Amino acid sequence: MTTRHALFVALGEQRYQVERPWGDIPSGGGKVTDVVCDDRGHVFVLLRADCYVDAALPTVIELAPDGRRLAAWGEDIADGHMLSIGPDERIYVVDRDAHEVVVFDRNGRRIGGIGRRHQPNAPFNHPCDVAIAPSGDIYVADGYGASRVHRFDANGRLIATWGEPGDGPGHFSTPHGIWALADGRVVVTDRENNRLQVFSAEGDWLAIWPDFYQPMDIFQDVAGRLYVTDKVPRLTMLAPDGTLLGRCRPVLNGAHGMWGDGAGSLYMAEMNPSRVTKLTPVP
């Protein structure tokens, strides 16, 4: 990395060196919108393009741990918004304006989907994000045309739906990011209500965690710590009970998505400017 200054941020006692832009991501079409990591440290970057304006292009870019481009696929995604990866390395891409969660194997071969493609309200209405629970259940934040969360079993069968517009407990105004915690709870970034909401695996409301400005995405590491991006812009680290552990400003205009790898590095998906920022832990 060539830079005039090495920048550092801290979350609690942990310091990170900031590297941006990170990774060999193609330019000239599509904007970085989300990122996930697999167990080998490979990084999958999702690009969002306008299918009415932009030429067809791969929307998922696979990078090696050192940032080298390994593969590119996903030309059939119409409006990639966010993505997730399961323990079986299936990759779930939220195709927002196609009203579908598309399921790929790790090599980019489509192997399934949840929702009826190009059919609003069956059940999705411009969904935002998807999370895979330790149980194998799949949770989808259905947040642009709706204000609800859907729970599916591992085979994509709809089990339950909850939520409605509003600002009370269990109500949403753009449920944007979602994560299924290791203990089974589900946390939703309730973006325009400037808060996180916590639910049981069955959808029972448990808590509100305030003090965010338009929270975008959430990730939990193997130690149980939670990381939340918002539009201040900042990155927040929380304990599993919601206790604030640290905050920093690692990006210029906010990260739309984020993920972490097994080495403790964090990857921030920035749309403006379009790039990935990597935070590498240092002593």
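Each residue of the sequence shown is one higher than the last, beginning at 1280 in this note's numbering.
Quick reminder that beta carbons are idealized off the backbone N, C-alpha and C, glycines included.
This one's a predicted model, so the numbers in the text were calculated from it and none came from an experiment.
A direct Cα-to-Cα measurement between ALA1343 and VAL1311 gives close to 17 Å. By a beta-carbon distance limit of 8 Å, GLY1536 contacts ASP1496. Their separation comes to about 5 Å. Collapsing the DSSP output to three states places ASP1376 in a helix.
Counted as a single uninterrupted DSSP element, the beta strand (DSSP E) harbouring ASP1313 occupies residues 1310-1316.
By the Cβ neighbour-count rule, ILE1417 is buried, with 16 or more other Cβ atoms within 10 Å of its own. Taking the Cα positions, ARG1396 is about 15 Å away from CYS1407. Going by DSSP, THR1440 is part of the beta strand (DSSP E) stretching over 1437-1441.
MET1537: member of the beta strand (DSSP E) spanning 1534-1539, first to last residue. For GLY1422 against PRO1454, the beta-carbon gap comes to about 4 Å, under 8 Å, which counts as contact.
Shown here, GLU1298 sits in a strand according to DSSP, grouped into three states. Look at GLU1292 here: in three-state DSSP terms it is coil, with no helix or strand label.
DSSP, reduced to helix, strand and coil, places ARG1470 within a helical segment of the structure shown. Annotation for ARG1348: ASP1303, ILE1340 and LEU1342 place their beta carbon closer than 7 Å to its own, counting only its chain and skipping 5 residues before and after. Taken through DSSP and simplified to helix, strand or coil, MET1547 comes out as strand.
Contact check for THR1508 against GLY1533 passes: the beta carbons are separated by less than 8 Å. Cβ-Cβ separation between HIS1429 and LEU1437: approximately 6 Å, consistent with a contact (criterion under 8 Å).
In terms of CA proximity to ARG1504, ALA1518 leads the group ALA1425, PRO1494 and ALA1518. Annotation: GLN1499 to ASN1472 spans about 22 Å, alpha carbon to alpha carbon. Remark: fewer than three beta-carbon pairs, one from each stretch, lie closer than 8 Å, so the region 1347-1365 and the region 1523-1532 are not flagged as touching.
The beta-carbon separation of GLY1482 and TRP1441, rounded to 4 Å, stays under the 8 Å limit for a contact.
ARG1294 sits away from VAL1555, with the two beta carbons spaced by 8 Å or more.
Under the DSSP definition of a beta bridge, VAL1324 partners with VAL1314 and ILE1340. For ALA1334 and TRP1301, the gap between their C-alpha atoms comes out near 24 Å.
Checking the DSSP bridge columns, you'll see LEU1558 partnered with VAL1297 and LEU1545. ASP1520 sits in coil when the DSSP states are folded into three classes, being neither helix nor strand. Counting other Cβ atoms within 10 Å of its Cβ, ILE1390 stays below 16 and is therefore classed as exposed. In this structure, LEU1514 keeps its C-beta atom at 8 Å or more from the C-beta atom of PRO1494. Just measuring C-alpha positions, the residue of LEU1558, GLY1521, ARG1369 and TRP1458 sitting nearest ASP1318 is ARG1369.
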